[in-house]
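The block underneath contains the structure these notes are about, expressed in structure tokens.
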Amino acid sequence: MLKIKECPYCHSKDGYYQKITYSGNGIYRYGFINDIGEQESIENGDMYDYLSSKSSKYYYCLNCNKRLGLVEKEKR
Ligand SMILES: [Zn+2]
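Printed below as a string of structure tokens:
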């Protein structure tokens, strides 16, 4: 975390963020049409289990998007 009370560039107190990139491939399943003409529903609860995430090395200001500081390694 950053130990600052506001953005040093734009003086906003809105907060700051870390960029997170999600990557991965998943599948979304569809059922075939059944005997009464309806589509069978299929469980898709594991859709996001294949995603992995990577967070940025820097924190950025929510307002002006400038880099505010380095993220400490152990928190990434
Ligand atoms: Zn700012």
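Residue numbers for the sequence shown follow the numbering used here, beginning at 5 and rising by one.
Glycine included, every Cβ here is placed at the ideal spot set by N, Cα and C.
Note that the structure is predicted; figures quoted are calculated from it, not measured.
Rounded C-alpha distance that separates residue i from residue j
i     : j     : result
ARG71 : ARG33 : 41 Å
TYR26 : ASP39 : 39 Å
GLU44 : GLY35 : 5 Å
PRO12 : TYR54 : 39 Å
ASP18 : CYS65 : 8 Å
ASN69 : SER60 : 13 Å
GLY73 : GLY28 : 28 Å
GLN22 : GLY30 : 24 Å
Cβ distance (whole Å) where residue i is taken to contact residue j below 8 Å
i     : j     : result
ILE24 : SER56 : So it is not a contact: roughly 11 Å between Cβ atoms.
Residue i CB to nearest heavy atom of ligand 1 below 7 Å
i     : result
TYR62 : no
Give, in chain order, every unbroken run of the alpha helix (DSSP H) that is at least 4 residues long and sits entirely within the segment 31 to 61. none
Counting beta carbon pairs with one atom in the segment 5 to 12 and one in the segment 41 to 56, are three or more of them shorter than 8 Å? no
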